[in-house]
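What follows is a single structure, written as C-alpha cells, with notes after it.
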Amino acid sequence: MDIVTLLQEAAARAIRDKFDREVEAAKLQIMQTRSDFEGDFTLVTFPLAGALRMPPQRLAEEIGNQLQAEEAVVEKFNVVKGFLNLSLSANFWKEFLMNFSPQGQKAGAEENSGRKLVIEYCSPNTNKPLHLGHLRNMLLGAACANLHEAAGKKVYRVQVINDRGIAICKSMLAWQLFAQGATPESAAVKGDHFVGQWYVEFEKHFRGEYEAWQKSEEAQRLFAERRKKEQGQQEFFKTFKNEYFNKYSQLGRQARDMLIKWEEGDPEVRALWAKMNAWVYEGFEQTFEKLGITFDKNYYESETYRLGREMVEKGLEHNLFYKASDGSVQADLEDVGLGKKVLLRSDGTTLYITQDLGTAHLRYEDFGMDEMTYVVADEQNRHFKVLFELLKRLGEPYADKLYHLSYGMVELPEGKMKSREGTVVDADNLIEEVISEARKNAAERGETADISPEEREDINWKVGLAALKFYLLKVSPAKWMMFDPRESVDLQGQTGPYVQYAYVRIRGLQRRAEAEGLLKSDFSFDAYQKLEAVERQLLLGLYKYPQLVLQAAREYDPSLLANHLYFLAKAFNKMWHELPVFSAEDPAARAFRLQLSSRLGQSLYEGMKLLGIAMPDKM
RNA sequence: GGUCCCGUAGCUCAGCUGGAUAGAGCAGCUGCCUUCUAAGCAGCCGGUCGCAGGUUCGAAUCCUGCCGGGAUCACCA
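If you're matching positions, the first sequence starts at 0 in numbering that gives the first Met the number 0 and goes up one per residue.
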C-alpha cells in the first residue's frame, strides 16, 4: 500500500480510538514535510480542530503519540503549531529502497493500458530549414510521447509536412531562374538550407523588383489614389506589398503560374517540386537524427489537402452544416462562442480546417486511436477549438479525447523571431553551437586521459544536446519563454549537464564497487539504522518520482519531470559532499549509500530518457 | 471591442488541486580540490508574489474588479 494512504488510515484509526470520531481517511491532509523541519510526512490538523473541538497543537500531539505507539513505520514525531511531522523508520525506507523501480509508474497506470494515442508534434514547411520554434515543438512532443508510453499507452508519433503552396513555388522559381543547375551536393550545403537559400533569393529579387516598380508612373498613380490620409510612400508600399505580388509583380505572376501548374499536375513542375522537396527531407532527416527525434508516419499536405470534403458533405446532409447564399459551406458555432466557420469555399475547394478534418479521420483509419494530441504553438488555440468542436459534431469516435498541447512562443532578447528580418535561430546552427561549447569545456577541463577521441566526441554530443534540450524543456509549455543564447549553451547550474554530472558520479561509484567486488549477494545494510537528512531527502525524491512521471504525462508537462530530476541531482550532489561512501567507517552505511545511489542513477537515466536526453558514463 | 494566455529577486524560471519563515539557477561577493570526477559544494547579497477588494483558522495559490504585456477573431496555412 502507498505510504500516504497507510498514514491516512492509521491517523483515522488514531482519531477513532482517542476521540471516538469517524473521519474519512482519504480526506486527511498529508504532505511532504518541509525540508527545514525534521520529519518525512506531515499531517495538517487545522481542518480537524473545529470538528473535534480541540486546539490543533494538542490534537497533533495526541495523534502523534498514538501513531508512534501503534504503527511500526512511525519512528518518531514532532509538533509545530498544528503540523504533525512524522519520521518514518529506517526499516521502512530500506524496504522501500529495495522495492523501488523507476518503472514504478506503470503500476499506477492500469487504466491506460491498451489505449492508443496519436500525437502530432512537428509541422514544418518545406521552403526553409527548421528553427528554434520547431525545436521546442519537437522536444515537447517527443517528451510527451515518451511520457505517455511510460504511462502505459500505445503511442503513434506523426508529423504533418506542409509541402505545397506558394512558398515552395518561390524557392522552385528562384532555383529555376538563378541556380544554373546547382544542387546541395554541388554547393556542399545541407538540402533544407539549400532550398531555403533559394527562398531567400526569391525574396531578394522580389524586393528589388518591387522597389524599382515603386518609381514607375503606375505605382505613383496608385499611391496618389489609394493612400490613406497622413500615409507616407514607404508606409503605403509596405501595406501594398501583397497586392503588388498578386497583381503587378512579374516574379509573383511566375510563382503563381507555377502553383497553378502544380495544381494541374504539370509533369515538369511536379518533377522539380519532388526533386527540391527530396532535398529538404534529406536535410530534415539529418536534423531529426541528430536530435533523436522519430516519427511513425509523415502526413504530407499535398496528399491530404483535398481530404475532408466528404466529411463536410456528409455533415451537410445531416444538417450539421449549412450552405450559405454564396455557395460556401459553413458551420454555425455561435452557440459555443466560436462564430461561423467556412468549411468549403464557394468554388467548392477545401481549406486548412477541411484538410485537418480529413487528416484526423485518415489517422483514425490508420491507427484506430482512442485519443489524439496536437503539439502546436498557442497562436492556433482558436483553430483547434474549432477543429475539435467540428470533429465532435461529426461524431468521430475519438472526438472527446482530443487535446491541443498549446505551447508558448520562444522569444529572443531582441524580440520575436522574424524570418523576414533574419532574426531566426536556425536549429542546425544552434545544435552545432552547443556541441562546440561542450567540446570547449571538455578541453579546458582536460581530463581526457583514459577517454578515446571517439568516446570524447560522443560525450560532447550528449552533453551539448542535454544542455539545449533541458533548457527548452524545463520551462512550463504554456509559457512564452525567453531564449538566451548564452544560457542555452551553459553547462553549469540548473542544466542538463548538471543532471548528467550527478549520474556520472554515480557511475563512478558503481565502477569502483564492481572493481572492489562489492554489490555481491551477501552485501547487506540491515545494520544501517540511522538515516541522514540528505538520505531521507533522496528517498522522498525517489518516492515521488513515479507519481511525477504520471502527472507529467497526464498534464502534458515535461517540465515537471525535468525540475524533479534536477532536484534529485542536486540532493545527490549534496550527499556526495556531505557523506563518504567508500571511506564510511560503517560497512552497512557504505552498502546503503551504494544502493541508494544506484537506484537514483537508474531514475536519472530513465527520467532523462523520457525527456529525450541521453546520459554519458563519464564526462 | 469579444475570447483566451501571461505578470513571483537585477535576469531566466520553479512553486498555483489553499498550509509552516516564498525557492532554484544566472549575474555580483566569500570560502572549499594531498580523500569516491570542483560541469561540484557551502555561505553572503537580492522579493510590497502587478494593484485593490473578497472567501478562509490560513492566500503567491481560489473568487471579483482594475492595471500592464501578448495571442487570436480570413472563402491564408
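Here a beta-carbon is modelled for each residue, glycine too, at the ideal position from N, C-alpha and C.
- Nearest Cα to Phe177 within the set Glu202, Ser602, Trp197, Glu316: Trp197.
- Contiguous alpha helix (DSSP H) elements confined to the segment 217-296 occur at 232-246, 249-263, 266-290, taking only those with 4 or more residues.
- In this structure, Ala166 is the residue among Ala166, Leu83, Val311 with its C-alpha nearest to the C-alpha of Gln253.
- Only residues of its own chain outside the window of five on either side were considered, and among them Trp212 have a CB closer than 6 Å to the CB of Ala218, listed in chain order.
- In this structure, the beta-carbon distance from Phe235 to Phe244 does not fall below 8 Å.
- Pairing Met171 with Trp272 gives a Cβ-Cβ distance under 8 Å.
- Secondary structure within the segment 465-537: not one fully enclosed beta strand (DSSP E) run of 3 or more consecutive residues is present.
- If you draw a straight line from the Cα of Thr41 to the Cα of Lys75, it is about 12 Å long.
- The beta carbon of Gln550 lies closer than 7 Å to those of Leu559 in the same chain, with the five residues before and after it left out.
- Straight-line spacing of the CA atoms in Glu316 and Ala568 works out to 60 Å.
- Here DSSP, grouped into helix, strand and coil, assigns Leu411 to strand.
- Ala50 and Gln491 have their alpha carbons spaced roughly 51 Å apart.
- Taking a C-beta distance under 8 Å as the contact criterion, Leu139 and Tyr406 qualify as a contact pair.
- In the DSSP assignment, Ala590 falls within the alpha helix (DSSP H) that extends over 586-609.
- In terms of CA proximity to Leu541, Gln104 leads the group Leu356, Asn124, Gln104.
- In the DSSP assignment, Thr348 falls outside any alpha helix (DSSP H), carrying neither H nor E.
- Spanning the alpha carbons of Gly336 and Phe383 requires a straight line of approximately 14 Å.
- Rounded to whole angstroms, Ala48 and Leu58 show a C-alpha spacing of 7 Å.
- In the DSSP assignment, Glu210 falls within the alpha helix (DSSP H) that extends over 190-212.
- Unbroken alpha helix (DSSP H) stretches of 4 residues or longer found wholly inside the segment 102-152: 131-149, given in chain order.
- Linking Ala501 to Ile29 through their CA atoms gives a straight-line distance of about 30 Å.
- Cβ-Cβ distances below 7 Å link Lys468 to Leu138, Gly495, Leu610, Gly611, Ile612 in the same chain, with the five nearest sequence neighbours on each side left out; the list follows chain order.
- Each residue's CA atom was taken as its position, placing Tyr280 and Val503 some 36 Å apart.
- Where Val385 is concerned, the enclosing alpha helix (DSSP H) starts and stops at 380-392.
- According to the DSSP secondary-structure assignment, Val374 is paired through a beta bridge with Leu404.
- Straight-line spacing of the CA atoms in Glu60 and Val498 works out to 40 Å.
- Excluding residues up to 5 positions away in sequence, Val72 lie with their Cβ nearer than 7 Å to the Cβ of Phe91 in the same chain.
- Here the alpha carbon of Glu370 sits roughly 23 Å from the alpha carbon of Leu342.
- Residue range 73-79 is occupied by the beta strand (DSSP E) that includes Phe76.
- Judged by DSSP in its simplified three-state form, Val341 adopts strand.
- Comparing C-alpha distances from Glu200 to each of Cys168, Lys228, Glu184, Glu224 shows the shortest one belongs to Cys168.
- Contact between the segment 521-530 and the segment 428-441 is absent, with fewer than three C-beta pairs closer than 8 Å.
- For Asp16, the enclosing alpha helix (DSSP H) covers residues 2-18.
- Taking a contact as a CB-CB distance under 8 Å, the pair Lys322 and Ala330 does not count as one, their CB atoms being some 11 Å apart.
- When secondary structure is reduced to three states using DSSP, Gln179 falls in the coil class, being assigned neither helix nor strand.
- With respect to the 8 Å criterion, Ser596 and Leu539 are not classified as neighbours on the basis of their beta carbons.
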